[in-house]
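Quick notes on the structure that follows.
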Amino acid sequence: MLHLLKWQYQPSKRSHSWQYSITEHCLRLLEVFEDSPSLKVYFEEVFDQCYQNACLLAARETGLDKKTFPQICPFAKTDILNPEYLLD
251 MLHLLKWQYQ PSKRSHSWQY SITEHCLRLL EVFEDSPSLK VYFEEVFDQC YQNACLLAAR
311 ETGLDKKTFP QICPFAKTDI LNPEYLLD
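Below, the structure written as structure tokens:
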């Protein structure tokens, strides 16, 4: 989610490496869920906390105020788990 936030809130700094990282992490999650379906339930349980952590990290990495990022995750879980998903 960190790279998704950076992608959305720093469009002038978008790079192929960010795009690659977004896709790579999505594919890793999908592999883990395929190997251990119960972890998808855990993903659902910790999703909101993961988003809050991503906001904190994004604020620190980008220098943007944490209030820049919405309190509720703007990304649908289905989009996060879609390797074709891009924000443009």
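Taking the numbering used here, the leading residue of the sequence shown gets 251, the next gets one more, and so forth.
Heads up, the beta-carbon is just placed ideally off N, CA and C, and yes, glycines get one too.
Please read all numbers here as calculations on a predicted model, not as lab measurements.
Suppose contacts are defined by Cβ-Cβ distances below 8 Å. Is residue i in contact with residue j by that definition?
| i | j | result |
| --- | --- | --- |
| F319 | L255 | yes |
| Q260 | T328 | no |
| M251 | Y292 | no |
| P324 | T273 | no |
Select from the options the residue whose C-alpha is nearest the C-alpha of residue i.
| i | options | result |
| --- | --- | --- |
| A326 | C276, E281 and L307 | C276 |
| A290 | Y335, L331 and L336 | Checking the sequence shown, residue 290 turns out to be Lys, not Ala. The shortest C-alpha separation from K290 is found at L331. |
| N303 | S271, I322 and L280 | I322 |
Can we say the region 267-280 touches the region 304-317, given the rule of at least three CB pairs closer than 8 Å? Because the criterion of three Cβ pairs below 8 Å is not met, the region 267-280 and the region 304-317 do not touch.
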